[in-house]
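Q:
Chains as they are written, first to last, in our numbering: chain E, 2 to 395; chain B, 2 to 395.
#1: Can you pull the DSSP bridge partners for residue 32 of chain E?
#2: If we count the other Cβ atoms within 10 Å of its Cβ and call it buried at 16 or more, is residue 252 of chain B buried or exposed?
#3: Run through DSSP, which three-state label would residue 211 of chain E get?
#4: Rounded to whole angstroms, what's the CA-CA distance from residue 186 of chain B to residue 207 of chain B? Just pull it up for me.
#5: Which runs of the beta strand (DSSP E) at least 3 residues long sit entirely within the stretch 27-106 of chain B? Give them in chain order.
#6: CB-CB under 7 angstroms to residue 391 of chain E, same chain, minus the five flanking residues each way: which ones, in chain order?
#7: Which residues of the stretch 21-35 of chain B have a Cβ closer than 9 angstroms to any Cβ of chain E? Give them in chain order.
#8: For residue 214 of chain B, count neighbouring Cβ atoms within 10 angstroms of its own Cβ and tell me buried if that reaches 16, exposed if not.
#9: How far does the beta strand (DSSP E) with residue 316 of chain E in it extend, from its first residue to its last?
#10: Just the C-alpha distance for residue 101 of chain E and residue 211 of chain E, rounded to the nearest angstrom, thanks.
#11: Select from the stretch 62-76 of chain E all residues with a C-beta closer than 8 angstroms to any C-beta belonging to chain B, and list them in chain order.
#12: Could one say the Cβ of residue 9 of chain E lies closer than 9 angstroms to chain B's Cβ atoms, at least one of them?
#13: Tell me, please, which residues DSSP counts as bridged to residue 165 of chain E.
#14: So with CB distances below 8 angstroms, who are the chain E contacts of residue 41 of chain B?
#15: Since residue 241 of chain B meets chain E, which of its residues come closer than 7 angstroms, beta carbon to beta carbon?
#16: Contact criterion: CB-CB distance below 9 angstroms. Does residue 163 of chain E meet it with respect to chain B?
#17: For chain B, check one thing: does any of its Cβ atoms lie closer than 9 angstroms to the Cβ of residue 116 of chain E?
#18: How many angstroms separate the CA atom of residue 144 of chain B from the CA atom of residue 230 of chain E?
#19: With a threshold of 8 angstroms on Cβ separation, who are the neighbours of residue 135 of chain E within its own chain once the five nearest residues in sequence on each side are excluded?
#20: Run through chain B and tell me which residues come within less than 9 angstroms of residue 131 of chain E, C-beta to C-beta.
#21: Any idea if residue 174 of chain B is buried or exposed, counting beta-carbon neighbours within 10 angstroms, 16 or more meaning buried?
#22: Residue 351 of chain E touches chain B at which residues, Cβ-Cβ below 7 angstroms?
#23: Is the beta carbon of residue 30 of chain E less than 9 angstroms from the beta carbon of residue 352 of chain E?
#24: Which same chain residues end up closer than 6 angstroms to residue 384 of chain E when comparing Cβ atoms and leaving out the 5 residues on each side of it in sequence?
#25: Mind listing the chain B neighbours of residue 144 of chain E? Cutoff is C-beta to C-beta under 7 angstroms, in chain order.
#26: CA-CA distance, residue 203 of chain E and residue 163 of chain E?
#27: Examine chain B for any beta-carbon lying closer than 9 angstroms to the beta-carbon of residue 392 of chain E, and answer yes or no.
#28: Evaluate residue 1 of chain B with the Cβ neighbour count: other Cβ atoms within 10 Å of its Cβ, from every protein chain shown; 16 or more gives buried, anything less gives exposed.
#29: Tell me the DSSP bridge mates of residue 367 of chain B?
#30: Let me confirm a value: residue 306 of chain E is counted as buried when at least 16 other C-beta atoms fall within 10 Å, else exposed. Which label applies?
#31: What in chain B is Cβ-close to residue 100 of chain E, meaning under 7 angstroms?
#32: Return yes when the Cβ of residue 194 of chain B is within less than 9 angstroms of the Cβ of residue 88 of chain B, no when it is not.
#33: Could you compute how far the alpha carbon of residue 198 of chain B sits from the alpha carbon of residue 359 of chain B?
#34: Could you please tell me which residues of the stretch 181-213 of chain B, in chain order, have their CB closer than 9 angstroms to any CB of chain E?
#35: With a cut-off of 8 angstroms, do at least 3 Cβ pairs link the stretch 154-168 of chain E to the stretch 37-46 of chain E?
#36: Tell me whether the stretch 365-373 of chain B and the stretch 312-331 of chain B touch, counting them as touching only if at least three CB pairs, one residue from each stretch, are closer than 8 angstroms.
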């Protein structure tokens, strides 16, 4: 007899990106598919110093159980760093999570009952879509342009939706589009969220990676009623292998997240939290981030320059001011999943953009990552992709 | 306006144990409340060597994203270790999780729809009860004796329950009771699970910590139809601060757990997994476990000896052959929560046993941990607890 799974499992499937990533793990493939930070920039030597320090000075504590909320000195530092995006927070507003993916899962668990509706950007982050789907929600996609989510469309759809429940946004260097919201849209979102009493989940993994242009305040910094849940992570500014992210929310809301974390995994790694905290004491994360930005800006410039030369003129793409991704839109009749098959034959990979639309469609789009590959592979990979595209246009 | 949370949040409350643990973090308190391994046994020096090795030999890889399933060399080693409890498994049957608490959460997510019924031992592990409650299940408690869950009671209750869904058990040195199931009960459980097509979640954090008596095969090793999900952890045999546990299940079932993990936190720590794997290569975990067992056995003996002298004769307690806990039963009119208040005044702590019964009652019980405190504190703490108990009998 086959075991009977829960109803929610009907809606959960393996992330297509994870499957593609497996395919592209072959070393000869030039992959623009992942959202991986550049490993050659990881502070390996610093981590060696930091791990010796932590094990020498507080080894037993670092290997023992510790509070669900997180290591207090680290929570204090995270709260202070929130001022970079204009958020005033203290340690009581911070829960340390195992990456910001866990913050997404918890947001779903805390807010979503079956058939509740989540309003998200069209396109939106696949990992969030999958995390929320586990709570059997529905998605209503909101139109977007170069200034972010279109507020008139959001309000109209909230009004006409019966089980309107939560708004999910990635306002800075969005995954997958690379686009950033204007200040006006951010302010307007808070107005609408207040009017319709909706929680807002603000997912901000890339905000610190701005190469150019003016920094904009986080939506949470404009929050007047404690309804924004801000999700942060050290995965893109430090390294993802430690699995350290955080939730910043008003204490009454954060309390719910803490209870959920108790049941989910008790706590994030005691030793990773202490290592990160020691790194923040002993080294300059800001200097490290400057270095990352310099390298990623160079790669973005090189990629866009090469795309300009190699891609057919009909292919449109975004010019991100930061983050990890550019987003290509092909003529409507084209299908990026078919192109992906041909691309992998030429040993180059990207993610077909259709995966980022929870309700399907938009198969003429592609997400291309520029943070992972070194310069020579960016040139060679975009050349190969250009060939695939030009053939498709013939 | 107050934000509206999901329906499931009505049933989730903060773990009483975590709250008690906070209270007992004051260094002057002698705490028998936690389920903490003895920190002085943690392999701190070995971890220093291991962390240098991993960062030197594979630093970039250890700090990068890695597969959801876990680090393959570690999965191979875990699969091999499963033979210790009679389970034949290969790496495809192993998912690395962030502690076995995450395995409990995922078991709920994969199997439980609202109002589904979980059959559990009476008493059962509080952390599992809380993890499953998040999926809005109901609990039916099954009577237990010194040989484990009583199979006639289980079968009768399965028959009379409409939404019978899952069986949850801790057959070795149970938390909180310290009791171990007989072989006969283990075999009978598989028969019943097969007959009623139920998945069995076998939670085994303490199985390797047997001080005396004969090792018994895991229930999973008797599984003829791939319906047992075995949850393991390195938290009690190595250290909990790394947050490394695992799920062992048939590949079709494990696939569901892997999809759930993708949405929950993408993966467990890349660096912790590599450190643990290197430890298993460079040192002997078996020797380390022998050392832990020697120390815990000494503490158990000392605690039971002191309880015999200091506790009123009316107080009954279990004599565990391994694990971390003994379980005290007071006369029915007594209330351990009231005694806990008096105990904390005398700077000694335990966990009132009522918390371990999902449907309430049994307030005349106490869980007492013997693994954490050194000998002098065991003697002093049990003396103080004896005073509290003797006063309560006056």
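Glycine residues also receive a C-beta, built at the ideal position from the N, C-alpha and C atoms.
A: On the basis of the data shown:
#1: Here residue 32 of chain E corresponds to residue number 31 of the first chain, with the count starting at 1. Beta-bridge pairing links residue 32 of chain E to E/350.
#2: Within the second chain, the letter at position 251 stands for residue 252 of chain B. Result: exposed.
#3: Sequence index remark: in the first chain, residue 211 of chain E carries index 210 (1-based). It is a strand residue.
#4: Indexing the second chain from 1 puts residue 186 of chain B at position 185. Indexing the second chain from 1 puts residue 207 of chain B at position 206. If you take the alpha carbons of residue 186 of chain B and residue 207 of chain B, they lie about 18 angstroms apart.
#5: 95-98
#6: As a first step, residue 391 of chain E must be located in the first chain, where it is residue number 390. 313, listed in sequence order.
#7: 22, 23, 26 and 35
#8: Here residue 214 of chain B is taken as the residue at index 213 of the second chain, counted from 1. Result: exposed.
#9: In the first chain, the residue the question calls residue 316 of chain E occupies position 315. Here residue 316 of chain E belongs to no beta strand (DSSP E), and DSSP marks it neither H nor E.
#10: The count along the first chain starts at 1 and reaches residue 101 of chain E at position 100. The count along the first chain starts at 1 and reaches residue 211 of chain E at position 210. The straight-line gap from Cα to Cα measures roughly 19 angstroms.
#11: 62, 63, 64, 65, 66, 67, 68 and 69
#12: As a working note, residue 9 of chain E is residue 8 in the first chain. Taking Cβ atoms only, chain B reaches closer than 9 angstroms to residue 9 of chain E, which makes this a yes.
#13: Here residue 165 of chain E refers to the residue found at position 164 of the first chain. For residue 165 of chain E, which the question treats as bridged, DSSP gives the partners E/118.
#14: Sequence index remark: in the second chain, residue 41 of chain B carries index 40 (1-based). Those within 8 angstroms of residue 41 of chain B in chain E are 61.
#15: In the second chain, residue 241 of chain B corresponds to position 240, counting from 1. Those are 65 and 66, listed as they occur along chain E.
#16: Taking the first residue of the first chain as 1, we reach residue 163 of chain E at position 162. Chain B contact via Cβ: absent.
#17: Position 115 of the first chain holds residue 116 of chain E. Output row for residue 116 of chain E: interface = no.
#18: Start at 1 with the first residue of the second chain, and residue 144 of chain B comes out as number 143. Start at 1 with the first residue of the first chain, and residue 230 of chain E comes out as number 229. If I take the Cα positions, the gap works out to 44 angstroms.
#19: Reading the first chain from its first residue, position 134 is the one you call residue 135 of chain E. Cβ neighbours of residue 135 of chain E beyond the five flanking positions: 9, 12, 13, 106 and 109.
#20: Walking along the first chain from the start, residue 131 of chain E turns up at place 130. 260, 263 and 264, listed in chain order.
#21: Along the second chain, one-based indexing puts residue 174 of chain B at 173. Label assigned to residue 174 of chain B: buried.
#22: Against the first chain, residue 351 of chain E aligns to sequence position 350. Correct list: empty, because the minimum Cβ distance to chain B is about 17 angstroms.
#23: Walking along the first chain from the start, residue 30 of chain E turns up at place 29. Walking along the first chain from the start, residue 352 of chain E turns up at place 351. It is not a contact, given that the beta carbons lie outside the stated cut-off.
#24: Here residue 384 of chain E refers to the residue found at position 383 when the first chain is read from its first residue. Around residue 384 of chain E: 311.
#25: To locate residue 144 of chain E, count along the first chain from 1; it is residue 143. By Cβ distance, chain B contributes nothing, its closest Cβ being about 26 angstroms from residue 144 of chain E, past 7 angstroms.
#26: Locating residue 203 of chain E in the first chain gives position 202, counting from the first residue. Locating residue 163 of chain E in the first chain gives position 162, counting from the first residue. Between residue 203 of chain E and residue 163 of chain E, the C-alpha separation is close to 23 angstroms.
#27: On the first chain, residue 392 of chain E is found 391 positions in, with the first residue counted as 1. So no, residue 392 of chain E is outside the interface.
#28: Because residue 1 of chain B is not part of the residues shown, which for chain B are 2 to 395, the question remains open.
#29: Residue numbering aside, residue 367 of chain B sits at position 366 when the second chain is read from its first letter. Answer by DSSP bridge pairing, in chain order: B/329 and B/353.
#30: The residue labelled residue 306 of chain E in the question sits at position 305 within the first chain. Classification of residue 306 of chain E: exposed, given that the 10 Å Cβ count is below 16.
#31: Here residue 100 of chain E refers to the residue found at position 99 of the first chain. Under the 7 angstroms cutoff, chain B gives 266 and 267.
#32: As a working mapping, residue 88 of chain B is identified with position 87 in the second chain. As a working mapping, residue 194 of chain B is identified with position 193 in the second chain. No, the pair does not count as a contact, with Cβ atoms beyond the cut-off.
#33: Reading the second chain from its first residue, position 197 is the one you call residue 198 of chain B. Reading the second chain from its first residue, position 358 is the one you call residue 359 of chain B. The alpha-carbon atoms of residue 198 of chain B and residue 359 of chain B are separated by roughly 24 angstroms.
#34: 195, 198, 199 and 200
#35: no
#36: yes
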